[in-house]
Amino acid sequence: MENLAKNFSHIKGWGIDADPKNDPTYPMKQHRTDEEQKGYNWERPAQQPVDIEVLHSNERPNVSAVFGTSAPPRGLSGMLRRYAFTYSESSWGHWLPLIMADRVNAVEGILEDLKRGHIPNIFAEKGWKAEWKHNPKSLTQKVLVGTLITGAAILLLRGRNKSRRD
Amino acid sequence: MLAMNYRGPQRVRIDHKPYPEIKHPQDAIVRVTRSCICGSDLHLYNGNVPDTRVGSTFGHEFIGVVEEIGPDVQKLKVGDTVLVPFNIACGKCAFCQQGLFGNCHESNPEATAVGGIFGYSHTAGGYDGGQAEYVRVPYADVSPTVIPPGMDPDDAVLLTDVVPTGYQAAEMGGIQPGDTVVVFGAGPVGIMAAKCSWLFGAGRVIVIDHVEYRLEFVKNYANCEVYNFKEMDDPVLFLKKATDWMGADVCIDAVGAEAAGNVIQTITGRKGLLQAGSATALHWAINSVKKGGIVSIVGVYGPTGNMVPVGNIVNKGLSIRANQTSVKRLLPRLIEHVQNGVLDPKAMITHRVPLEDVADAYRIFADKLDNCIKPVLIPPSARS
Numbered sequence: 016m017e018n019l020a021k022n023f024s025h026i027k028g029w030g031i032d033a034d035p036k037n038d039p040t041y042p043m044k045q046h047r048t049d050e051e052q053k054g055y056n057w058e059r060p061a062q063q064p065v066d067i068e069v070l071h072s073n074e075r076p077n078v079s080a081v082f083g084t085s086a087p088p089r090g091l092s093g094m095l096r097r098y099a100f101t102y103s104e105s106s107w108g109h110w111l112p113l114i115m116a117d118r119v120n121a122v123e124g125i126l127e128d129l130k131r132g133h134i135p136n137i138f139a140e141k142g143w144k145a146e147w148k149h150n151p152k153s154l155t156q157k158v159l160v161g162t163l164i165t166g167a168a169i170l171l172l173r174g175r176n177k178s179r180r181d
Numbered sequence: 329m330l331a332m333n334y335r336g337p338q339r340v341r342i343d344h345k346p347y348p349e350i351k352h353p354q355d356a357i358v359r360v361t362r363s364c365i366c367g368s369d370l371h372l373y374n375g376n377v378p379d380t381r382v383g384s385t386f387g388h389e390f391i392g393v394v395e396e397i398g399p400d401v402q403k404l405k406v407g408d409t410v411l412v413p414f415n416i417a418c419g420k421c422a423f424c425q426q427g428l429f430g431n432c433h434e435s436n437p438e439a440t441a442v443g444g445i446f447g448y449s450h451t452a453g454g455y456d457g458g459q460a461e462y463v464r465v466p467y468a469d470v471s472p473t474v475i476p477p478g479m480d481p482d483d484a485v486l487l488t489d490v491v492p493t494g495y496q497a498a499e500m501g502g503i504q505p506g507d508t509v510v511v512f513g514a515g516p517v518g519i520m521a522a523k524c525s526w527l528f529g530a531g532r533v534i535v536i537d538h539v540e541y542r543l544e545f546v547k548n549y550a551n552c553e554v555y556n557f558k559e560m561d562d563p564v565l566f567l568k569k570a571t572d573w574m575g576a577d578v579c580i581d582a583v584g585a586e587a588a589g590n591v592i593q594t595i596t597g598r599k600g601l602l603q604a605g606s607a608t609a610l611h612w613a614i615n616s617v618k619k620g621g622i623v624s625i626v627g628v629y630g631p632t633g634n635m636v637p638v639g640n641i642v643n644k645g646l647s648i649r650a651n652q653t654s655v656k657r658l659l660p661r662l663i664e665h666v667q668n669g670v671l672d673p674k675a676m677i678t679h680r681v682p683l684e685d686v687a688d689a690y691r692i693f694a695d696k697l698d699n700c701i702k703p704v705l706i707p708p709s710a711r712s
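As given, the protein sequences belong to chains A and B, one line each in that order.
To convert, count from 1 in the first sequence and add 15; that's the working numbering.
To convert, count from 1 in the second sequence and add 328; that's the working numbering.
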């Protein structure tokens with residue numbers, strides 16, 4: 016170790032946290048006692064009042080002592096989320112509805128904005144001002160591709176409607 | 329108050345939201361003076377983490393001033409300047425008692441695999457984060473730490489996640505003196521993992537990424553070898569050759585779900601969300617480490633399944649070490665390292681952005697524009 020230290024003397028702090036006995040290191044359990052085998056029985060902190068709808072994993076018996084309150088489930092996305100929580104975390108039945116709910120929720124967010132008279136500035140929300148400043152080529156490409164896809168979709172739909180009328 | 333507001337994949341804005349309330353006797357309200365955007369926020373930003381709800385505020389790296397405390401808070405007082413570790417930990421449950429503060433069982437009702445994290449989806453507890461003017465901080469006596477006098481706030485804010493995560497990545501690698509360590513990813517955590525590998529006695533540190541300015545940065549910051557995987561036919565083969573055909577002793581995955589470099593992984597993981605993110609960096613780590621070696625994972629993946637070469641893990645006899653960082657456990661040592669000049673976290677900060685411009689800051693960081701390494705958001709009240 017001393018020889019190596021000489022080789023790496025240009026690196027500030029080289030080897031100062033090295034402990035050859037500490038292999039393979041944290042988080043190895045330090046000790047195992049009967050006390051630890053008693054399961055879910057620690058002295059729980061006070062329970063935060065559950066005054067909003069909190070979905071909790073079915074792999075635990077309760078709501079944790081504290082929890083966040085940022086966005087309780089609501090609307091169609093909320094229904095999907097409630098369904099998801101009937102499955103355990105080890106099941107695709109849990110995660111796939113949640114991913115779908117997130118997509119539905121993004122649309123709900125736009126409708127919510129419109130309902131309260133706010134037209135979302137998608138250009139600003141996507142940070143395109145910064146992209147235009149630092150990488151105008153990429154933004155131009157994105158806009159062109161988006162326009163082409165939208166245009167093609169409109170033409171396709173018009174064609175279908177026309178053939179139905181005919 | 330002003331707060332970042334998530335509106336859907338790659339759409340965020342600044343909005344007025346209600347001032348946070350004390351909801352629990354051990355809560356505090358902190359006025360934010362610095363918050364960062366973390367590489368793992370990009371997984372949320374891109375819509376890769378399930379149960380990321382519209383209306384949420386992100387931000388798990390922040391410091392600030394205590395404005396209000398709940399009746400049971402004893403160690404903090406109003407006016408204290410604190411750094412707040414990203415994980416919310418009760419300090420009492422079986423896992424906190426083991427020092428696994430990143431795995432607390434009393435801070436996240438929504439999932440058992442992960443503890444509560446500020447601003448990190450409902451899968452991590454549904455907490456609003458620190459990319460705002462004010463934030464509610466539960467269990468204020470457990471993890472929040474008063475910033476030592478004289479410490480630069482830019483150093484302090486990076487002690488909430490980036491520095492401990494890079495350090496724990498190296499620690500979990502079980503690095504022995506003289507070991508060869510390969511770090512995948514030259515983002516802020518990869519940079520810090522490379523730097524900290526030397527503290528555990530590494531003999532050689534190699535960093536792999538595909539963005540030239542990041543490689544240049546880490547080469548100078550962490551005195552390491554750097555290679556661009558876009559210039560290689562096969563990064564695993566390259567690393568085998570570079571290590572006398574044996575493989576590295578330790579490989580660190582500091583990338584996680586947004587990894588580039590493999591078409592199938594990109595389509596199924598990043599674009600199609602058919603797995604919990606692209607596991608390209610993890611594949612390379614598993615395949616580049618030597619037999620009997622250690623792979624340390626701090627890159628963030630979602631909770632669903634991943635295509636990972638588990639057969640190679642078995643056949644090579646690898647140890648896989650992974651976790652969310654237990655910031656509280658590591659803070660005393662890391663504060664010492666910063667104070668002694670062994671670590672210089674603030675050198676990674678390249679962008680200081682007003683909180684109001686959060687959408688542009690996300691775009692710059694996500695697209696790696698303007699040579700961005702680490703952006704810090706500064707609320708109006710903290711600007712002089």
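Think of the CB as a built atom: it goes at the ideal place given N, C-alpha and C, for glycine as much as any other residue.
Task: Cβ shell of residue 352 of chain B (< 7 Å), same chain only, five flanking positions each side left out - done: The residues are 398 and 466.
Task: The beta strand (DSSP E) enclosing residue 535 of chain B, as first and last residue numbers - done: Where residue 535 of chain B is concerned, the enclosing beta strand (DSSP E) stretches over 532 to 537.
Task: residue 668 of chain B - partner residues in DSSP beta bridges - done: DSSP, once it has assigned bridges, lists no residue as partnering residue 668 of chain B.
Open item on the list: Short of 8 Å in beta carbon distance, which residues of its chain neighbour residue 406 of chain B, apart from the five on each side in sequence? Order them along the chain.
Closed with: Only 394, 395, 396 and 397 meet the Cβ criterion.
Open item on the list: Could you tell me which whole alpha helix (DSSP H) segments of length 4 or greater appear in the region 599 to 644 of chain B?
Closed with: Fully enclosed alpha helix (DSSP H) runs of 4 or longer: 608 to 616 and 638 to 644.
TODO: Can you tell me which of the three DSSP states residue 519 of chain B falls into?
DONE: DSSP places residue 519 of chain B in helix when its eight states are reduced to three.
Task: Nearest residue (CA-CA) to residue 501 of chain B, options B:368, B:586, B:622 and B:709 - done: Closest by alpha carbon: B:622.
Task: Listed by chain order, chain B residues near residue 78 of chain A by CB distance under 8 Å - done: What residue 78 of chain A touches in chain B: 437.
Open item on the list: Can you give me the C-alpha to C-alpha distance between residue 333 of chain B and residue 89 of chain A, rounded to a whole angstrom?
Closed with: In a straight line, the C-alpha of residue 333 of chain B is about 17 Å away from that of residue 89 of chain A.
- [ ] For chain B, find out if any of its Cβ atoms is closer than 7 Å to the Cβ of residue 16 of chain A; answer yes or no.
- [x] Because the pLDDT at residue 16 of chain A is just 42, under 50, the model does not fix this residue reliably, and the value given afterwards should be weighed accordingly. Interface residue, yes.
TODO: Could you name the residues of the same chain whose beta carbon sits closer than 7 Å to that of residue 418 of chain B, not counting the 5 residues immediately before and after it, in chain order?
DONE: Taken in chain order, the residues that qualify are 424, 432, 434, 435, 467 and 470.
TODO: Pick helix, strand or coil for residue 76 of chain A, following the three-state DSSP scheme.
DONE: Coil.
Task: Neighbouring residues, chain A, relative to residue 390 of chain B (Cβ below 8 Å) - done: The contacting residues do not exist; residue 390 of chain B stays about 15 Å from chain A at best.
- [ ] Determine, using beta carbons only, whether residue 495 of chain B and residue 658 of chain B come nearer to each other than 7 Å.
- [x] Yes, the pair counts as a contact, with Cβ atoms nearer than the cut-off.
Task: Boundaries (first-last residue) of the beta strand (DSSP E) holding residue 410 of chain B - done: Note, residue 410 of chain B: beta strand (DSSP E), 409 to 412.
Task: Where residue 652 of chain B meets chain C, residues with beta-carbon distance less than 8 Å - done: The structure shown has no chain C; the protein chains it does contain are A and B.
Open item on the list: For chain B, check one thing: does any of its Cβ atoms lie closer than 7 Å to the Cβ of residue 68 of chain A?
Closed with: So no, residue 68 of chain A is outside the interface.
- [ ] Can you give me the Cβ contacts of residue 91 of chain A inside the same chain, cut-off strictly under 6 Å, excluding the 5 residues immediately before and after it?
- [x] Cβ within range, chain order: 119.
- [ ] For residue 355 of chain B, count neighbouring Cβ atoms within 10 angstroms of its own Cβ and tell me buried if that reaches 16, exposed if not.
- [x] Buried, because 16 or more other Cβ atoms sit within 10 Å of the Cβ of residue 355 of chain B.
Task: Those runs of the alpha helix (DSSP H) which lie wholly inside the region 138 to 164 of chain A and span at least 4 residues - done: If we require 4 residues or more, the alpha helix (DSSP H) runs fully inside the region 138 to 164 of chain A come out as 143 to 149.
Task: alpha helix (DSSP H) runs wholly inside the region 63 to 140 of chain A, at least 4 long, in chain order - done: The region 63 to 140 of chain A contains these whole alpha helix (DSSP H) runs: 90 to 99, 107 to 130 and 137 to 140.
- [ ] Verify the CB distance criterion: does residue 516 of chain B have a CB-CB separation below 7 Å to chain A?
- [x] Residue contact check for residue 516 of chain B against chain A: no CB pair falls below 7 Å.
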